[in-house]
Every structure is written in C-alpha cells, then in structure tokens.
Amino acid sequence: MADYETHHSIIPKETALQALNTIIQLHFEKTLEKKRAVDLQKKELWKLFQIFFLFLGLVFLAQAQSPKLQCRHCWIPIGILSLAHLIFYVSVAQTLRCINGFKYQRRCHKLTLGLATERLRQLKMRISAAGGGGEECEVGGDEFEIHYQEPPESYFGKFKRNWALHFGFLILIYVFMVSSSVVLLCF
1 MADYETHHSI
11 IPKETALQAL
21 NTIIQLHFEK
31 TLEKKRAVDL
41 QKKELWKLFQ
51 IFFLFLGLVF
61 LAQAQSPKLQ
71 CRHCWIPIGI
81 LSLAHLIFYV
91 SVAQTLRCIN
101 GFKYQRRCHK
111 LTLGLATERL
121 RQLKMRISAA
131 GGGGEECEVG
141 GDEFEIHYQE
151 PPESYFGKFK
161 RNWALHFGFL
171 ILIYVFMVSS
181 SVVLLCF
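Using full-length UniProt numbering, read the sequence shown as starting at 1 and increasing by one per residue.
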C-alpha cells in the first residue's frame, strides 16, 4: 500500500499519448470555435456602425433640408440624436463584451493547447530516449494532467484600451453631431 501511494498512478504510454492528443484536439477545436465567434461578433459590430452612421446621415440631411426647423426646435434633433446614441452605446457595449469574452476564452484555450503540446513533445522525447517500442516506459498520471490555463492580469489591459477607444470615438461623434445640429439650425 505504501508503495502505491509513493508512485501515484502509472499509466501506459499509449494511454498517455492518446489522452494528450485528445486534449490537444479539444483545445484546438475550441480555439477555432472562439475565433469564429469573435469574427461573427466583429461583423455584427460593423453592421451596427454602418446602420448607425446611415441613421446619423439621415438625421443630418433632414435637418439641412427642413425649412421649418429653427433654432428653438433644436431640442428635437438633439433629443433624437441622444436617444439614438444611447441605444447605440448599449448595443456596442454588449457586442464588445461578447467579443472580449470570446477573446479571453480563446486565449485560455490557446495557452492550454500550448501546454498540452509541450507535454506531448516531452513525452515523445522520453519515449524515444527509453527505446521507443517497449512497454518499459510508463508515465505518471499527474505528468499528462493538463489544467485549464488563464492569461496573466496584464492581459485585461488590452480590453480596457479597446473599450476606451470605442467609447471615446462614440463620444466624439456625439459631440460633433450635437454641435453641428446647433450650428445648422441656429446660425
């Protein structure tokens, strides 16, 4: 019994190789799945931007073409622009949250994939050094156990910069549209 506790569990090399290959395949597929999800979310984000800019263009064109709108009516387009921007901000925030979540998950799968690939390479080198074909090379169970890897805390800075960039751009557009509405209607 004491001999069993000191050696942990011994696993045949074929089982260890198969387990590592399965882990690698799983995390590779998950990495590709998350990449596709990020790409779909980015397409959705671009569609949101296109629809929003089309709407802003129509509001601006309506202000420029309307002879009835005057300075005292500027609260109407500003209210419409504010509501549209608010709805757009919420949509962009939700889409960015999804994109960042998928990117984070993809990074975790890539790190785990890298660790599993490295362990497989080390195991194959040990097997080839031990003679290759014989059963005498057995592997400890904890050697091929791959835990889910997570990136360091500094990885989140990338997401914060991305949020700041998008929302800074949106605030700039809002200020531009409100000021252009006032200038167009009042001067």
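Even glycine gets a Cβ: it sits at the ideal position worked out from N, Cα and C.
Inclusion of C74 and C186 in the CB contact set at 8 angstroms is warranted, their separation being smaller than that value. Within the segment 77-161, not a single complete alpha helix (DSSP H) segment reaches 4 residues in length.
CA-to-CA, the gap between T95 and I24 works out to about 29 angstroms. CA-CA distance, R119 to A19, rounds to 11 angstroms. By the 16-neighbour rule on beta-carbons within 10 angstroms, M177 is buried.
The beta carbons of K43 and Q105 sit about 18 angstroms from each other, so the pair does not count as a contact at 8 angstroms. The segment 108-128 makes no contact with the segment 60-79: fewer than 3 CB pairs, one atom from each, lie closer than 8 angstroms.
Shortest Cα-Cα distance from D39 to any of K103, Q50, S154 involves K103. Collapsing the DSSP output to three states places S181 in a helix.
From the listed residues H109, T117, G101, the smallest Cα separation to F156 is found for G101. Under the 10 Å beta carbon count, A64 is surrounded by fewer than 16 other beta carbons and is classified as exposed.
In this structure, DSSP gives F187 a state outside helix and strand, which the three-state scheme calls coil. Rounded to the nearest angstrom, the Cβ distance from A84 to F55 is 6 angstroms, consistent with a contact under 8 angstroms.
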